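Protein chains in written order, with the working numbering: chain A, 1 to 113; chain B, 1001 to 1112.
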Amino acid sequence: GAVVSQHPSRVICKSGTSVKIECRSLDFQATTMFWYRQFPKKSLMLMATSNEGSKATYEQGVEKDKFLINHASLTLSTLTVTSAHPEDSSFYICSANTGGAKFFGPGTRLTVL
Amino acid sequence: GQNIDQPTEMTATEGAIVQINCTYQTSGFNGLFWYQQHAGEAPTFLSYNVLDGLEEKGRFSSFLSRSKGYSYLLLKELQMKDSASYLCAVRDDSGGYQKVTFGTGTKLQVIP
């Protein structure tokens, strides 16, 4: 199946710092990528739709100035958590579609101290 | 908006068959996904149904009835490694772009 990678897989940072998470489609081009957040024992919550060459579409309640998304190329989307706080600690997962299926990256576990 | 309902937890015996149901309500339905997620890992794709009927893929089968807003995932010959959460997700294209919303997941425990 198609491969989507994420980097880093795990990051621990201090409160107030910014963290960048990369999502790459390794063997296909993705004009659209999706960013999800998952709390412990909860389902995935769509945060935003990342569009190559244009602005991301954010879901209601998601702060666009806090979660910056840049879809710079057909194979790369980045999510930057700015001025991170402990409540931003979560499992962040990206996905991309190809061939009628949605494939997920392995996820990034962010812990903000 | 969308409303996706699936049982929170299920338990089944190794070697048995289990059916996980999912009901949904959505305005611009354009497909239903099933994913498997082990604890601490990202979901992995299992199936995608757009048309009514049953699709079989090895030990896993997925069924869809669009008129009833209903789907199920059938797991046969259960193995211990099948213990995981199973997420039902609905694709909705009514907003002018593709949006997939996930149910809360069904945690399946397979016991010996």
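C-beta atoms are modelled at their ideal positions from N, C-alpha and C, and glycine is treated no differently.
Just so it is clear, the structure is predicted and the values come from calculations on it, not from any experiment.
Run down chain A in chain order and give the residues with a C-beta less than 9 Å from the C-beta of residue i.
i       : result
B/F1060 : Correct list: empty, because the minimum Cβ distance to chain A is about 14 Å.
B/L1087 : S43, L44
B/F1029 : Within 9 Å Cβ-Cβ: nothing; B/F1029 doesn't reach chain A, min ~15 Å.
To the nearest angstrom, how far is it from the Cα of residue i to the Cα of residue j?
i       : j       : result
A/I69   : A/S77   : 7 Å
B/L1074 : B/M1080 : 16 Å
A/S5    : A/G61   : 27 Å
B/I1004 : B/F1033 : 12 Å
B/I1111 : B/A1012 : 6 Å
B/G1001 : A/L46   : Caution applies to B/G1001, whose pLDDT of 49 falls short of 50 and renders its modelled position unreliable; the value that the coordinates give is listed next. If I take the Cα positions, the gap works out to 13 Å.
B/L1078 : B/R1059 : 8 Å
A/C13   : B/D1093 : 37 Å
A/L74   : A/Q29   : 5 Å
B/D1052 : A/A84   : 45 Å
B/S1061 : A/F67   : 38 Å
A/L26   : A/T17   : 29 Å
Starting from residue i, find everything on chain A with Cβ-Cβ shorter than 8 Å and list it in chain order.
i       : result
B/P1043 : L44, I93, F104
B/K1099 : L46, T49
B/G1069 : Correct list: empty, because the minimum Cβ distance to chain A is about 18 Å.
Between which two residues does the beta strand (DSSP E) holding residue i run?
i       : result
B/E1009 : 1009-1013
A/V4    : 4-7
B/S1062 : 1060-1065
A/S15   : Run containing A/S15: none; DSSP gives neither H nor E here.
B/S1047 : 1044-1049
B/V1018 : 1018-1025
B/D1092 : 1084-1092
B/S1071 : 1070-1075
A/E52   : Where A/E52 is concerned, there is no enclosing beta strand (DSSP E), given that its DSSP letter is neither H nor E.
B/F1029 : 1029-1037
With hydrogens ignored, establish whether the beta-carbon of residue i is closer than 7 Å to any heavy atom of the ligand ZN.
i       : result
B/T1011 : This structure lacks the ligand ZN; in fact it carries no ligand of any kind.
Just the chain B side, please: which residues come within less than 7 Å of residue i by C-beta, in chain order?
i     : result
A/A56 : Residues of chain B passing the Cβ test: none, with the nearest at roughly 11 Å.
Please determine, among the options, the residue with the shortest C-alpha to C-alpha distance to residue i.
i       : options                            : result
A/L113  : A/K42, A/V3, A/S15                 : A/S15
A/T108  : A/T32, A/S90, A/S25                : A/S90
B/N1049 : B/G1028, B/H1038, B/S1071, B/E1009 : B/S1071
A/E151  : A/S95, A/G99, A/A101               : A query on residue 151 of chain A cannot be resolved here, the shown segment of chain A reaching from 1 to 113 and no further.
A/S9    : B/A1016, B/G1028, B/E1041, B/P1007 : B/E1041
Using a C-beta to C-beta distance shorter than 8 Å, which residues of chain B count as neighbours of residue i?
i      : result
A/G107 : E1041, A1042
A/A101 : F1033, F1045, Y1048
Run down chain A in chain order and give the residues with a C-beta less than 7 Å from the C-beta of residue i.
i       : result
B/T1106 : Within chain A, no residue comes near B/T1106; the closest Cβ sits about 10 Å away, beyond 7 Å.
Minimum length 3: unbroken beta strand (DSSP E) runs contained in the region 66-112 of chain A
The region 66-112 of chain A contains these whole beta strand (DSSP E) runs: 67-73, 76-81, 90-98, 101-104, 108-112.
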